[in-house]
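Numbering (the working numbering), first residue to last: 318 to 567.
C-beta atoms are modelled at their ideal positions from N, C-alpha and C, and glycine is treated no differently.
As the structure is a prediction and not an experimental result, all values here were calculated from the model.
Report on the structure given below.
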Amino acid sequence: MTALLVIKTGDAIPSISAKRRDFETWIAAGAGLSLADVQVVRVFQGEALPEPERVPGVIITGSSSMVTDRELWSENTARWLARAVALDKPVLGICYGHQLLAHALGGEVRFNPRGRQIGTIDVKLTSHAKNDPLFGSFADVLHLPVAHRQAVVRVPPRASVLGTSPLDPHHVIRYGTAAWGVQFHPEFDANIVRAYIDASRESMLLDGIDPEAIWHSATDTADGTFVLRRFAEIVRKGVVTRAPLAESAE
Numbered sequence: 318m319t320a321l322l323v324i325k326t327g328d329a330i331p332s333i334s335a336k337r338r339d340f341e342t343w344i345a346a347g348a349g350l351s352l353a354d355v356q357v358v359r360v361f362q363g364e365a366l367p368e369p370e371r372v373p374g375v376i377i378t379g380s381s382s383m384v385t386d387r388e389l390w391s392e393n394t395a396r397w398l399a400r401a402v403a404l405d406k407p408v409l410g411i412c413y414g415h416q417l418l419a420h421a422l423g424g425e426v427r428f429n430p431r432g433r434q435i436g437t438i439d440v441k442l443t444s445h446a447k448n449d450p451l452f453g454s455f456a457d458v459l460h461l462p463v464a465h466r467q468a469v470v471r472v473p474p475r476a477s478v479l480g481t482s483p484l485d486p487h488h489v490i491r492y493g494t495a496a497w498g499v500q501f502h503p504e505f506d507a508n509i510v511r512a513y514i515d516a517s518r519e520s521m522l523l524d525g526i527d528p529e530a531i532w533h534s535a536t537d538t539a540d541g542t543f544v545l546r547r548f549a550e551i552v553r554k555g556v557v558t559r560a561p562l563a564e565s566a567e
């Protein structure tokens, strides 16, 4: 396939990127691709996006930025994403990308009123995931890495909630025929999660979270890799089954 577009919305934390490179490397590896198969556009550094008609599929990375800051590069990317979804391009938003996609399509993003999520958690799929082309053959509960403070608090119109987690009822959302947002990080492994915990220890304690317990509970899981590989297959085939969408769930 032509190069999968990775929209980079920020860098990983230096303590891990210095040793293991960055989001685009982990995403490509998880999807079973080489970096030669990926076109990276660093929108947070002002790089211009190609016309959405010209890309076979899109993944939007996580970021240390906040969608609620409404930075110019982020708002411009949101408008681009709305165009890509309208064209039925396969889109996968990860963490910040998940929130930005929801914002682009009419949802609301805020600091999660239920609190920060970090570590390895269970994500429970809803009944709407059963016929979904990306999540349709997974078990009912996935074990996945997370690291975020903001969340989608109001789902856009005509979106379908496919997955929930203990602190986030909108953890996985589908839009249209081929766009998904996931609050989890399918590209992270346990060591990456632990690096994020190490970098957040002081603020976690202020939030009433025990970093030591979360650090030791972080585990490797194949579920994120399966999501990335299946998404890459959808992009490669260029055909998506039109599963019915439910009304927005709150």
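Q: Please say whether P462 and T378 have beta carbons closer to each other than 9 Å?
A: no
Q.
Taking the alpha helix (DSSP H) that Q416 belongs to, which residues open and close that run?
A. 413 to 421
Q) Would the stretch 465 to 472 and the stretch 480 to 493 be scored as touching if the rule is three or more Cβ pairs under 8 Å? A) Yes, the stretch 465 to 472 is in contact with the stretch 480 to 493.
**Q.** Cα-Cα separation between D527 and G436, rounded to whole angstroms
**A.** In this model, D527 and G436 are separated by some 11 Å (Cα to Cα).
(Q) Going by DSSP in three states, A464 sits in which element: helix, strand or coil? (A) strand
Q. From S517 to V375, what distance separates their C-alpha atoms?
A. 29 Å
Q) Between which two residues does the alpha helix (DSSP H) containing S534 stretch? A) 528 to 534
**Q.** Residue from L404, D506, C412 whose Cα sits closest to the Cα of E368
**A.** L404
Q: Quick one: grab the DSSP three-state call for H445.
A: helix
Q.
Quick check on the DSSP output: the alpha helix (DSSP H) that includes I376 runs from which residue to which?
A. First-last for I376: 375 to 377, but that is the beta strand (DSSP E), not the alpha helix (DSSP H).
Q.
Taking the alpha-carbon of V278 as reference, which of I438, E341, P407 has the nearest alpha-carbon?
A. Look at the range of the chain in this structure, 318 to 567, and you will see that residue 278 is not part of it.
Q: Determine the direct distance from the alpha carbon of G525 to that of W532, and round the result to whole angstroms.
A: About 15 Å.
Q: Go through the stretch 343 to 408 residue by residue and report every complete run of the beta strand (DSSP E) that reaches 3 residues or more, in order.
A: 355 to 359, 375 to 377
Q: Counting only the same chain and skipping the five closest in sequence on each side, list residues whose C-beta sits under 6 Å from that of N429.
A: Taken in chain order, the residues that qualify are A468.
Q) A530: which of D449, N448, I514 sits nearest, CA to CA? A) I514
Q | Sub-9 Å separation of Q356 and V372 beta-carbons | A | yes
Q: Indicate the three-state DSSP secondary structure (helix, strand or coil) for V499 in the structure shown.
A: strand
Q. DSSP three-state call for P561: helix, strand or coil?
A. Residue confidence for P561 is low, a pLDDT of 42 falling below 50, so the modelled location carries little weight and cannot support an answer.
Q.
Determine whether the beta carbon atoms of I330 and S382 lie at a separation below 9 Å.
A. no
**Q.** Beta-bridge pairing of R471 - partner residues as DSSP gives them
**A.** E425
Q: Take H413 and list the residues in its own chain whose beta-carbon comes closer than 6 Å to its own, dropping the five residues that flank it on each side.
A: Just to set this straight, residue 413 is Tyr in the shown sequence, not His. Only T326, G379, S380 meet the Cβ criterion.
Q: Look up S306 in the DSSP assignment and say whether it is helix, strand or coil.
A: With the chain running from 318 to 567 in the structure shown, residue 306 is simply not present.
Q. Looking only at its own chain, which residues have a Cβ that is under 7 Å from the Cβ of L350, when we skip the five neighbours before and after it?
A. L321, A549
Q: Taking all protein chains shown into account, decide if M318 is buried (16 or more other Cβ within 10 angstroms of its Cβ) or exposed.
A: Low per-residue confidence applies at M318: pLDDT is 48, beneath 50, and the placement is therefore not dependable, though the value from the model is reported in the following sentence. By the neighbour-count rule (16 or more Cβ atoms within 10 Å), M318 is not buried but exposed.
Q) I think L459 touches V440, with their Cβ atoms under 8 Å apart; what is that distance to the nearest whole Å? A) Between V440 and L459 the Cβ distance is about 5 Å, and since that is below 8 Å, they are a contact.
Q: Would you list the residues sitting across from S482 in a DSSP beta bridge?
A: D485
Q) What's the C-alpha gap between D339 and D328? A) 7 Å
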